[in-house]
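Only one structure is covered here, and it is reproduced in the block below.
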Amino acid sequence: MPEWKPAIRVQPEPFDAAAEARRMTEGRKDLGALVSFVGLCRDEGGTLEALELEHYPGMAEEAIGAIAREAAERWPVAAITIIHRYGRIAPGEPIVVVLAASAHREAAFEAASFLMDFLKTRAPFWKKEHRRDAGPGDWVAAKASDDAAAGRWRPARGAK
Amino acid sequence: MRIRYFAWVRERVGSPEETIELPEGIASVRDLIAWLAGRDEGHAAAFAEPDVIRAAIDLEHVDHDTPLAGAREVAFFPPMTGG
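Chains A and B, in that order, give the protein sequences. Here the first sequence stands for residues 1 to 160, numbered as in our numbering. Here the second sequence stands for residues 1 to 83, numbered as in our numbering.
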């Protein structure tokens, strides 16, 4: 296990991904790569009024922490920051940010991609759509393509 | 034992959580789902397709074969759609 701890926050407030990236890299000279992924709320062709994200407090932080620890065991990453919002989120606003930093780009790219695939399928968050014309709508269905994306990462050595 | 529900499971049950006295003979997550489904119409609707339901014991994902022994909090929810 690495000596550093991933920075994990679950919060209703918007965040500033660029400021988080600066905070993570400030004063460090060992980092050669920083990959930043920001998931945004899209308006689905103008039909979406907002997304409502429900989460399981306590388990959300635990699950994200477990996913981050697994990434840190698989790749030589030097720092990870993950922020996931809950509550009502309007189109154009950020939902999630994943930052992965490492000495070389490959580890940072792969760790960020792995983190997002597992956040989507293993972190206890659920999206409900609020439609412009119809008010509170349906819960977003889990996509088989998201499961397939998570499935492409082979189990870590020693995993069940 | 504290039972918690999220997303459409919560909506169908009609409550975010409840406290139950675990009946004798209910040993696994699968047993608990079958027992809960028989409580009323809301629970029946929530657990109509048991295979779709995901479960957690004390904040950790578990499969339906997991024993309930020692569990303080069991949660039921649909497949996750965060990120």
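Where is the CB? At the ideal position from N, CA and C, for every residue including glycine.
Pick helix, strand or coil for residue i, following the three-state DSSP scheme.
i, result
"A:Lys160", "In this prediction, A:Lys160 scores a pLDDT of 42, lower than 50, which makes its location untrustworthy; no coordinate-derived value is stated."
"B:Ala7", "helix"
"A:Gly137", "strand"
"A:Gly27", "coil"
"B:Ser15", "coil"
"A:Ala33", "strand"
"A:Arg22", "helix"
"B:Gly83", "coil"
"A:Ala150", "helix"
"A:Ala164", "Residue 164 of chain A lies beyond the stretch modelled for chain A, which goes from 1 to 160, so this question has no answer here."
"A:Pro12", "coil"
On the CB-based measure, 16 or more other CB atoms within 10 Å of its CB, does residue i come out buried or exposed?
i, result
"A:Leu51", "buried"
"B:Ala48", "exposed"
"B:Ser87", "Since the first residue of chain B shown is 1 and the last is 83, residue 87 of chain B is not available in this structure."
"A:Ser102", "buried"
"B:Tyr5", "buried"
"A:Trp126", "buried"
"B:Val85", "The structure shown does not extend to residue 85 of chain B, since chain B spans only 1 to 83, so no value can be given for it."
"A:Lys128", "buried"
"B:Leu96", "Here chain B covers residues 1 to 83 and nothing more, so residue 96 of chain B does not appear."
"A:Asp30", "exposed"
"A:Leu40", "exposed"
"A:Trp4", "exposed"
"A:Glu13", "exposed"
"A:Arg85", "buried"
Please check the pair residue i and residue j, which I expect to be a contact at CB under 8 Å, by giving their CB distance rounded to whole angstroms.
i, j, result
"A:Ile89", "A:Leu53", "6 Å"
"B:Pro78", "B:Arg54", "7 Å"
"B:Ala45", "B:Arg12", "4 Å"
"A:Ala79", "A:Met24", "5 Å"
"B:Ile3", "B:Val62", "Contact doesn't hold; Cβ gap of about 14 Å is too wide."
"A:Ala100", "A:Thr121", "So it is not a contact: roughly 18 Å between Cβ atoms."
"B:Ala37", "B:His43", "6 Å"
Any heavy atom of the ligand ATP closer than 7 Å to the Cβ of residue i?
i, result
"B:Ala27", "Among the ligands in the structure shown, none appear at all, so the ligand ATP cannot be discussed."
Against chain B: residues of the region 112 to 125 of chain A by CB proximity under 8 Å: Cβ contacts with chain B: Met116, Leu119, Lys120, Thr121, Arg122, Ala123, Pro124, Phe125.
Interfacial residues, the region 56 to 75 of chain A to chain B, with Cβ spacing under 7 Å: Going along the region 56 to 75 of chain A in chain order, one finds Tyr56, Gly58, Met59, Glu62 with a Cβ nearer than 7 Å to chain B.
Segments of 3+ residues assigned as beta strand (DSSP E) that fall wholly inside the region 25 to 80 of chain B: The qualifying runs are 54 to 57, 60 to 62, 73 to 77.
Minimum length 3: unbroken beta strand (DSSP E) runs contained in the region 43 to 122 of chain A: Listed in chain order, the complete beta strand (DSSP E) runs (minimum 3 residues) inside the region 43 to 122 of chain A are 48 to 55, 77 to 85, 87 to 89, 94 to 102.
Interface residues of the region 48 to 69 of chain B facing chain A [CB-CB below 8 Å]: Result list: Ala56, Leu59, Glu60, His61.
Residues from the region 35 to 58 of chain A in contact with chain B, defined by Cβ distance under 9 Å: Cβ contacts with chain B come from Gly39, Leu53, Glu54, His55, Tyr56, Gly58.
Under 9 Å (Cβ pairs) to chain B, residues found in the region 122 to 150 of chain A: So the list reads Arg122, Ala123, Pro124, Phe125, Trp126, Lys127, Lys128, Asp138, Trp139, Val140, Ala141, Ala142, Lys143, Asp146, Asp147, given in the order they occur along the chain.
Members of the region 19 to 47 of chain B that neighbour chain A once the beta carbon cut-off is set at 8 Å: When C-beta distances to chain A are compared with 8 Å, every residue of the region 19 to 47 of chain B stays at or above that value.
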